[in-house]
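Chains Y and H supply the protein sequences, listed in that same order. Quick note on this note's numbering: the first sequence kicks off at -2 and runs consecutively. Quick note on this note's numbering: the second sequence kicks off at 79 and runs consecutively. Comments concern the structure below.
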Amino acid sequence: MMNLTVNGDLFEHSGPPSLPSLLTALDAQPDQVAVMLNNDIITKDNYSTVRLSENDTLEIMMLVGGGSAS
Amino acid sequence: MSNQAPTPLVLGTQSFESRLILGTGKFSSVDTMIKAVNASKTQLVTVALKRFNKDRAEDDLFAPLSSLPSVTIMPNTSGARTAEEAFNAALLGRELTGSAFVKVEIHPNPHHLMPDPIETHEACKRLVKENFIVMPYMPADPVLAKRLEDLGCASVMPLGSAIGSGQGLSTQALLELIIRDSSIPVIVDAGLRAPSEAAAAMELGCDAVLVNSAIAVAANPSAMAEAFAGAVDVGLNARHAGLMSRHTRAQPSSPLTSFLSDTPQS
């Protein structure tokens, strides 16, 4: 079990310490999200190589409709 | 940029025939939004980013928008309250969409949603250095507009009136000053309610308009999108045709002499 902060909330991740594993646990489609790990953007080609560590902070963002603060 | 020949709108390295930019928020469904995008013939749409929440699933926007071959996606930084947040949002938006366009939008106060000029300037400075095509939403301030142009922004996007207010071109006098001095496209962003206001913005000398709420919340969004597209063309055509000057007093449009009486009128 690994404690992460995901989008501001604590998340206990029980799978392997990889980004694909976390995205699966969150039901997030990898091609529909962009990820920041401890303030660094993780590009898609690095998804499989990046290793998550205890107390990492992640921001996982998706596209939504919006023009101006809607 | 007023009085130019009818040429495409050039933003960064890309040319656009359409001078109507659409926001994608507030539509009742993704399908309704896509239909309105098609009806508007827009070639540039802006999308927002938000935190993924598995308990509140949202329909994916990227797949349906990126399937429209003539439409470029411009992520915006809506929700950012600082330059740092906007910078990170822009990087995430580029990672998600592959688009170099970014609409910089920083408004710290949800009550009035006025853009923060200082944070906007700082974010634009950083994003130009990262080779984004930077399009800042900004207060209608001619001094700030020149400062943002000097940074290398691709356009300036002053507000017509407050976001979602439908107050039209309440900043018209300031927009005229921005247009007069700008060497980059001036795009009115926010506040438009009626197609006639989009036509008026184009007649004034704006290079494009960005519309969201007025189309999204219309009873028939596709029909309203088409109406805005027509209005933008009408306004641009009128500007190219050369609008007559304003006068402080009446000017006769027919001769007032030698009609039934030999006494000339003055």
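A virtual CB, placed ideally from N, CA and C, is assigned to each residue, including glycine.
Tell me, please, which residues DSSP counts as bridged to residue i.
i	result
H:I293	DSSP, once it has assigned bridges, lists no residue as partnering H:I293.
Y:R48	Y:S15
Y:F8	Y:L1
DSSP state of residue i, grouped into three classes?
i	result
H:N116	helix
Y:Q29	helix
H:K104	coil
H:G320	coil
H:G90	coil
H:E95	coil
H:R258	helix
H:G130	Looking at the sequence itself, residue 130 of chain H is Phe, so the reference to Gly does not match. Residue state, collapsed to three classes: coil.
Y:N43	helix
H:T110	helix
H:V310	helix
Less than 8 angstroms between the beta carbons of residue i and residue j, yes or no?
i	j	result
Y:G12	H:G103	no
H:P153	H:G176	no
H:T120	H:V149	yes
H:M213	H:K181	yes
H:R225	H:F165	no
H:A276	H:V264	no
Y:N4	H:F210	no
H:G101	H:A232	no
Y:N35	Y:D6	no
H:L237	H:C202	no
Y:V47	Y:I39	yes
H:I257	H:L282	yes
Y:S50	Y:P14	yes
Quick check on residue i: buried or exposed, where buried means 16 or more other Cβ atoms within 10 Å of its Cβ?
i	result
H:A319	exposed
H:N81	Unreliable placement is indicated for H:N81, whose pLDDT of 48 sits below 50; no coordinate value is reported for it.
H:R43	As displayed, chain H neither begins before 79 nor continues past 344, which places residue 43 of chain H out of reach and without an answer.
Y:A66	Caution is warranted here: a pLDDT of 47 is assigned to Y:A66, below 50, making its placement in the model unreliable, and no coordinate value can be reported.
H:M322	exposed
H:E197	buried
Y:M(-2)	exposed
Y:S45	exposed
H:R317	buried
H:P333	exposed
H:N187	exposed
H:P273	buried
Y:N0	exposed
Which runs of the beta strand (DSSP E) at least 3 residues long sit entirely within the segment 175 to 247 of chain H? Give them in chain order. 179 to 182 and 211 to 216
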